[in-house]
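Chains as they are written, first to last, in UniProt numbering: chain W, 1 to 209; chain Z, 1 to 209.
Just so it is clear, CB atoms sit at the ideal spot from N, CA and C, and this is done for glycine as well.
Accompanying notes for the structure given below.
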């Protein structure tokens with residue numbers, strides 16, 4: 001992740017060409033890793049599929065892991081799902097349950113989106129067995145998303161909607177953990193109804209009062 | 001998974017030899033997949049490491065996936081962790097919180113056990129990208145464990161400790177999902193204190209009353 005293409009334009013035309021190459025490289029990287037898996041994806045393969053020289057890729061990224069991570073960040077930024085809210089944080093209408101349901105439903109849609117699913121599975125699986133890649137994945141992609149939950153839950157606690165002693169960093173895992181578990185391991189269908197029920201259970205607990 | 005070795009003994013000596021071979025094959029399979037990953041583990045490699053002929057493996061199992069799954073089932077059966085309770089179900093002392101904490105703490109210890117960790121990561125990661133293997137993993141290994149939670153939570157609901165409307169199959173994911181998520185993605189340390197807090201949050205919810 002040395003110098004991103006858009007940061008070194010010489011002329012408007014060169015900028016446009018760079019942006020086109022960058023987009024082609026990202027698309028090729030995501031398609032390849034989704035089809036062939038992480039291990040069988042190579043910088044050579046990405047370059048061939050993107051119609052650029054291998055050196056074009058190495059000029060901007062040191063490794064296939066770096067290209068893929070940037071491609072994912074770009075995908076997450078363009079997606080219509082939960083990550084689209086990153087800039088502004090999670091919705092805060094004052095109704096915590098409704099806001100969390102909206103976010104989890106969007107996440108369900110994103111995880112069920114075929115364009116998103118195959119490459120995300122490939123990168124996540126590789127992070128499960130490769131601690132170094134996993135740490136970068138968490139630091140750059142996952143943790144910034146989880147922080148949005150921390151912020152929303154902290155605001156809810158201040159507003160008196162969440163119990164005073166609750167740690168938002170642990171509480172958020174009640175929403176994100178089960179959803180990801182169900183998706184990754186395909187134990188049961190990932191639906192809006194499930195997202196809603198998860199929010200109810202996590203907010204109100206399962207114990208009798 | 002054709003005929004298991006212990007099922008076709010001719011003499012006591014042959015049975016002992018079969019059992020020794022089976023143990024050596026399982027140990028070799030788990031060690032290899034933990035070291036080299038699923039894709040680079042082969043029946044040939046397992047046979048060489050176990051000191052048996054390739055045909056010995058193919059006599060008992062149709063593929064490397066089948067050997068690995070049986071090796072995992074065997075490991076889970078021998079482990080001191082949560083799966084050891086499979087036969088008798090989860091503990092039921094009448095104190096749901098205490099019982100769930102005991103089970104989740106044992107699961108934490110098991111997930112942190114190096115002997116268990118590398119092969120489990122390798123198989124789980126492969127199941128994430130290979131739906132067919134993932135389905136067998138869930139059906140034979142994961143779902144039987146999850147059913148123990150269903151039984152314990154159903155009993156707790158009947159005893160009036162869980163709210164009447166709660167679906168145990170969804171509720172169990174509040175415990176298992178976050179724990180697995182934290183372990184797989186290595187977001188934060190997996191500790192007993194975390195297991196306890198998870199149980200408290202899931203039982204009592206995070207919303208203010």
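Taking the beta carbon of residue 204 of chain Z as reference, the chain W residues within 7 angstroms of it are 205 and 207, listed in sequence order.
Taking residue 156 of chain W as reference, the option from Z/42, Z/24 and Z/208 with the minimal CA-CA separation is Z/208. Using a Cβ-Cβ distance cut-off of 8 angstroms, the stretch 109-128 of chain Z and the stretch 47-63 of chain Z are not in contact, since fewer than three pairs of beta carbons, one from each stretch, lie closer than that value. A straight-line Cα-Cα distance of about 42 angstroms links residue 134 of chain Z and residue 160 of chain W. Taken atom to atom, the span from the alpha-carbon of residue 100 of chain W to that of residue 141 of chain W is near 20 angstroms.
For residue 127 of chain W, the number of other beta carbons within 10 angstroms of its own is at least 16, and it is reported as buried. Shown in chain order are the members of the stretch 124-144 of chain W whose Cβ falls below 8 angstroms from a Cβ of chain Z: 124, 125, 126, 127, 128, 129, 131, 134, 135, 137, 138, 142 and 143. Residues of chain W whose Cβ lies closer than 8 angstroms to the Cβ of residue 171 of chain Z are, in chain order, 201 and 206. For the options Z/53, Z/37, Z/158 and Z/123, the alpha carbon positioned closest to that of residue 72 of chain Z is the one of Z/123. Taking the beta carbon of residue 189 of chain W as reference, no residue of chain Z falls within 9 angstroms; the closest one sits roughly 12 angstroms away.
Residue 114 of chain W counts as exposed, since fewer than 16 other beta carbons sit within 10 angstroms of its beta carbon. Residue 162 of chain Z is bridged by DSSP to W/207. Collapsing the DSSP output to three states places residue 107 of chain Z in a helix.
In this structure, the alpha-carbon of residue 105 of chain Z lies about 20 angstroms from that of residue 205 of chain Z. C-alpha of residue 30 of chain Z to C-alpha of residue 164 of chain Z: approximately 43 angstroms in a straight line.
DSSP places residue 38 of chain Z outside both helix and strand once states are collapsed to three, so it counts as coil. Taking a Cβ-Cβ threshold of 9 angstroms, the residues of chain W close to residue 186 of chain Z are 127, 128, 131, 134, 135 and 138, in chain order. By the neighbour-count criterion, in which a residue is buried when 16 or more other Cβ atoms sit within 10 angstroms of its Cβ, residue 77 of chain Z is exposed. For residue 115 of chain W, the enclosing alpha helix (DSSP H) covers residues 114-129.
Taken through DSSP and simplified to helix, strand or coil, residue 18 of chain W comes out as helix. Annotation: residue 44 of chain Z has no Cβ neighbours in chain W at a cutoff of 9 angstroms; minimum Cβ distance is about 19 angstroms. Think of a sphere of 9 angstroms around the beta carbon of residue 163 of chain W: the chain Z residues whose beta carbon falls inside it are 204, 205, 206, 207, 208 and 209, in chain order. The beta carbon of residue 45 of chain Z sits closer than 6 angstroms to the beta carbons of 32 from its chain, once the five residues preceding and following it are set aside; these are given in chain order. Bounds of the alpha helix (DSSP H) holding residue 70 of chain Z are 64-78.
Residues 168, 169 and 172 of the same chain have their beta carbon placed closer than 7 angstroms to that of residue 150 of chain W, with the five preceding and five following residues left out of the count. In this structure, DSSP gives residue 186 of chain W a state outside helix and strand, which the three-state scheme calls coil.
For the UniProt domain "HTH tetR-type" (19-79) of chain W, the set of residues with a beta-carbon nearer than 7 angstroms to any beta-carbon of chain Z comprises 37 and 39, in chain order. As the crow flies, the alpha-carbon of residue 203 of chain Z is around 50 angstroms from that of residue 52 of chain Z. As the crow flies, the alpha-carbon of residue 180 of chain W is around 47 angstroms from that of residue 14 of chain Z. Taking C-beta atoms as the reference points, residue 177 of chain W and residue 177 of chain Z count as a pair closer than 8 angstroms. Of all residues in the stretch 90-104 of chain W, the ones placed with a Cβ closer than 9 angstroms to any Cβ belonging to chain Z are 96 and 97, in chain order. For residue 45 of chain W, the enclosing alpha helix (DSSP H) stretches over residues 43-50. The residue from W/43, W/42 and W/74 with its alpha-carbon nearest to that of residue 23 of chain W is W/74.
Spatial neighbours of residue 28 of chain Z in its own chain (CB-CB distance under 7 angstroms, excluding positions within 5 residues in sequence) are listed in chain order as 46, 49 and 50.
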